[in-house]
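Colleague: Just passing along the structure, written as structure tokens.
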Amino acid sequence: MPRKSASLAERYRAHRAAFELAQQLGCTPKEAEDELARRAAQQEWQRGHDRLEALRNAPLRPPEPEPRPLPWWLRD
């Protein structure tokens, strides 16, 4: 599915974040963009992992039985 293009303000924010990280790390802005993408992917993976762990640790409930279908003469 194609992603919606980012607005100009969002692109400027992303470039600024990459530039500031590049200054902190002492690398190029492209390397900083790669690092930001790696961090975002790690956070996304962690959120998914946390959801999976929550489902695994949830208490088990027996499935509720399906109601029996009514005979044809009792149906609406």
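For the record, in the sequence shown the residue sitting at position 46 is 157 according to the working numbering, with numbers rising by one throughout.
Note that CB positions come from ideal geometry on N, CA and C, so glycine has one too.
As the structure is a computational prediction, the values presented were derived from the model and not from experiment.
If GLU142 sits next to ALA128, beta carbons under 8 Å apart, how far is it from one beta carbon to the other, in whole angstroms?
Modeller: In the sequence shown, counting from the first residue as 1, residue 142 sits at position 31. In the sequence shown, counting from the first residue as 1, residue 128 sits at position 17. The pair is not a contact, with the Cβ atoms about 13 Å apart (cut-off 8 Å).
Colleague: Report the rounded CA-to-CA distance for LEU166 versus GLU175, giving the unit in angstroms.
Modeller: For the purposes of this step, residue 166 is taken as the residue at position 55 of the sequence shown. For the purposes of this step, residue 175 is taken as the residue at position 64 of the sequence shown. Between LEU166 and GLU175, the C-alpha separation is close to 19 Å.
Colleague: Over what stretch of residues does the alpha helix (DSSP H) that includes ALA143 continue unbroken?
Modeller: On the sequence shown, residue 143 is found 32 positions in, with the first residue counted as 1. Unbroken alpha helix (DSSP H) run through ALA143: 140-167.
Colleague: Could you compute how far the alpha carbon of ALA125 sits from the alpha carbon of GLU177?
Modeller: As a working note, residue 125 is residue 14 in the sequence shown. As a working note, residue 177 is residue 66 in the sequence shown. Approximately 52 Å between the Cα atoms of the pair.
Colleague: Along the chain, where does the alpha helix (DSSP H) that runs through LEU185 open and close?
Modeller: Against the sequence shown, residue 185 aligns to sequence position 74. Where LEU185 is concerned, there is no enclosing alpha helix (DSSP H), given that its DSSP letter is neither H nor E.
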